[in-house]
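K.L.:
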Amino acid sequence: MVLTYSTFHEFNYNFSTVTLAFFNRYPNPYATHVISADTISQKIQDQKLYTTRLIRKNGRLPKFIMPFLGKVAESWIVEYSVVDPVNQTMKTWTSNLEHRGVLKVEEQTEYKAVVPTDISNSNSSNHNNNNNNNNNKNALMTAATYNVLFSSNFGRWGIRDRIESWSLSKFRENVQKSRRGMAYVMERMREKGLTAFGEIQRQMSVVRDQRELRDV
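Numbered per the numbering used here, the sequence shown spans residues 1114 to 1329.
1. Taking the alpha carbon of F1121 as the point to measure from, which residue in A1257, I1168 and M1295 has its own alpha carbon closest?
2. Under three-state DSSP, which class holds Q1221?
3. Whole-angstrom Cβ separation of S1081 and L1216, contact assumed at under 8 Å?
4. In the DSSP assignment, the beta strand (DSSP E) including S1265 goes from what residue to what residue?
5. Between D1151 and the rest of its own chain, which residues show a CB-CB distance below 7 Å, the 5 nearest in sequence each way excluded?
6. Got a sec? Which residues, its chain only, sit under 6 Å from N1239 by beta carbon, not counting five neighbours each side?
7. Are the Cβ atoms of F1128 and T1255 separated by less than 7 Å?
8. Count the other CB atoms within 10 Å of the CB of F1124; is the residue buried (16 or more) or exposed (fewer)?
9. CB-CB under 8 Å to I1153, same chain, minus the five flanking residues each way: which ones, in chain order?
10. What residue range is occupied by the uninterrupted alpha helix (DSSP H) comprising A1134?
11. Just verifying my parser: in three-state terms, what is the DSSP assignment at N1125?
12. With C-beta atoms as the reference, is W1189 less than 7 Å away from L1210?
13. Could you check the C-alpha separation between I1232 and I1178 for me, to the nearest Å?
14. Would you mind stating whether A1134 and M1295 have Cβ atoms separated by less than 7 Å?
15. In terms of alpha-carbon separation, which member of T1222, L1162 and G1214 lies closest to V1199?
16. Whose CA, out of E1192, T1117, N1137 and T1205, lies closest to the CA of V1298?
17. Would you report the Cα separation of G1268 and K1176, rounded to the nearest angstrom?
18. Looking only at its chain, what residues have a beta carbon closer than 7 Å to the beta carbon of N1141, apart from the 5 residues adjacent to it on each side?
19. May I have the straight-line CA-CA distance separating K1305 from K1156, to the nearest angstrom?
20. Between the Cα of N1171 and the Cα atoms of D1159, E1192 and I1148, which residue gives the shortest distance?
21. Name the two residues that bound the continuous beta strand (DSSP E) containing A1169.
22. Use the C-beta contact count for E1220: other C-beta atoms within 10 angstroms, 16 or more gives buried, fewer gives exposed.
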């Protein structure tokens, strides 16, 4: 059996702020279980930023399987992300690297700039691509869609179902903490005046300028 879970959330911050907060979300008071987050590769290709990170967390597995595995102190998560600043979207994929036979959790999230209803309605007569891109650039909110898959191959069906159900329950709890953590980071950024320009966009502009100089 495989369990799936989907949820949706809107951040009251623009896309630049949300993407910057995503890459700087640790540490925060709602993620004290996260030990480290390290970038292992990063590149810009086709005007998109590709990043791979390793995240180390305090490991937690359900107590009812501890007799079989013993105490798990830490766990590793791999995180892939693609930021498209032109279309104002970011896609992320995360999955655990350890104990995948016991429990495999695979999460896909898409962040997208959205225009508030009053703005989009005022522009409803214009639906061409240029207008859509302009709306994205002026968007004041960012929508996040989460899709998660939980699967276990441990033991018999009864124990597998129990492990997957436990994981789903923990994810529902943790996703709320994750959102609070992002909000905390973005609020600190706003206090420091960092909402206008994101580091992601700055890096992209530097690379584009370098390419233009090489082409001259």
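Here a beta-carbon is modelled for each residue, glycine too, at the ideal position from N, C-alpha and C.
P.N.:
Inspection of the coordinates gives the following:
1. On the sequence shown, position 8 is the one that residue 1121 refers to. Per the Cα distances, A1257.
2. Here residue 1221 refers to the residue found at position 108 when the sequence shown is read from its first residue. DSSP, reduced to helix, strand and coil, places Q1221 within a strand of the structure shown.
3. Within the shown structure, residues of the chain are numbered from 1114 to 1329, placing residue 1081 beyond reach of any answer.
4. Taking the first residue of the sequence shown as position 1, residue 1265 is located at position 152. Unbroken run through S1265: none, as it is neither H nor E.
5. Here residue 1151 refers to the residue found at position 38 when the sequence shown is read from its first residue. Shown here for D1151: same chain residues with a beta carbon closer than 7 Å to its own, the five before and five after excluded, namely R1166 and L1167 in chain order.
6. Along the sequence shown, one-based indexing puts residue 1239 at 126. The pLDDT assigned to N1239 is 46, lower than 50, so where the model puts this residue is not dependable; a value taken from the coordinates is nonetheless given after this. By the criterion of a C-beta distance shorter than 6 Å, N1239 is surrounded by no residue of its chain, once the five residues flanking it on both sides are discounted.
7. Residue mapping note: residue 1128 aligns to position 15 of the sequence shown, counting from 1. Residue mapping note: residue 1255 aligns to position 142 of the sequence shown, counting from 1. Cβ distance < 7 Å, so F1128 and T1255 count as in contact.
8. As a position in the sequence shown, residue 1124 is number 11, starting the count at 1. Buried is the call here.
9. Here residue 1153 corresponds to residue number 40 of the sequence shown, with the count starting at 1. Correct list, in chain order: T1165, R1166 and L1167.
10. Translated into positions along the sequence shown, residue 1134 becomes position 21. It spans F1128 to F1136 - the alpha helix (DSSP H) in which A1134 sits, taken as one unbroken run.
11. Residue numbering aside, residue 1125 sits at position 12 when the sequence shown is read from its first letter. Looking at N1125 - three-state DSSP - the assignment turns out to be coil, as it is neither helix nor strand.
12. For the purposes of this step, residue 1189 is identified with residue 76 of the sequence shown, where counting begins at 1. For the purposes of this step, residue 1210 is identified with residue 97 of the sequence shown, where counting begins at 1. Yes, the pair counts as a contact, with Cβ atoms nearer than the cut-off.
13. Counting from one through the sequence shown, the residue named residue 1232 turns up at place 119. Counting from one through the sequence shown, the residue named residue 1178 turns up at place 65. In this predicted model, I1232 has a pLDDT of only 42, less than 50, meaning its place in the structure is not dependable; the value taken from the coordinates is given anyway. Using only the alpha carbons, I get a separation of about 52 Å.
14. Residue numbering aside, residue 1134 sits at position 21 when the sequence shown is read from its first letter. Residue numbering aside, residue 1295 sits at position 182 when the sequence shown is read from its first letter. A contact, by the Cβ cut-off of 7 Å.
15. Working through the sequence shown from its first residue, we reach residue 1199 at position 86. Minimum Cα-Cα distance from V1199 among the listed residues T1222, L1162 and G1214 corresponds to L1162.
16. Counting from 1 along the sequence shown, the entry for residue 1298 is found at position 185. Cα-wise, what sits closest to V1298 is N1137.
17. The count along the sequence shown starts at 1 and reaches residue 1268 at position 155. The count along the sequence shown starts at 1 and reaches residue 1176 at position 63. Rounded to the nearest angstrom, the gap between the Cα atoms of G1268 and K1176 is 15 Å.
18. Counted from its first residue, the sequence shown places residue 1141 at position 28. The answer, listed in chain order, is G1294, Y1297 and V1298.
19. Within the sequence shown, numbered from 1, the residue matching residue 1305 stands at position 192. Within the sequence shown, numbered from 1, the residue matching residue 1156 stands at position 43. Rounded to the nearest angstrom, the two C-alpha atoms are 28 Å apart.
20. Taking the sequence shown and counting its residues from 1, the one referred to as residue 1171 is at position 58. Ranking D1159, E1192 and I1148 by Cα distance to N1171 puts I1148 first.
21. As a working note, residue 1169 is residue 56 in the sequence shown. As written in the sequence, residue 1169 is Arg, which differs from the Ala given in the question. R1169 -> beta strand (DSSP E) spans K1161 to N1171.
22. The count along the sequence shown starts at 1 and reaches residue 1220 at position 107. Buried, since its Cβ has 16 or more Cβ neighbours within 10 Å.
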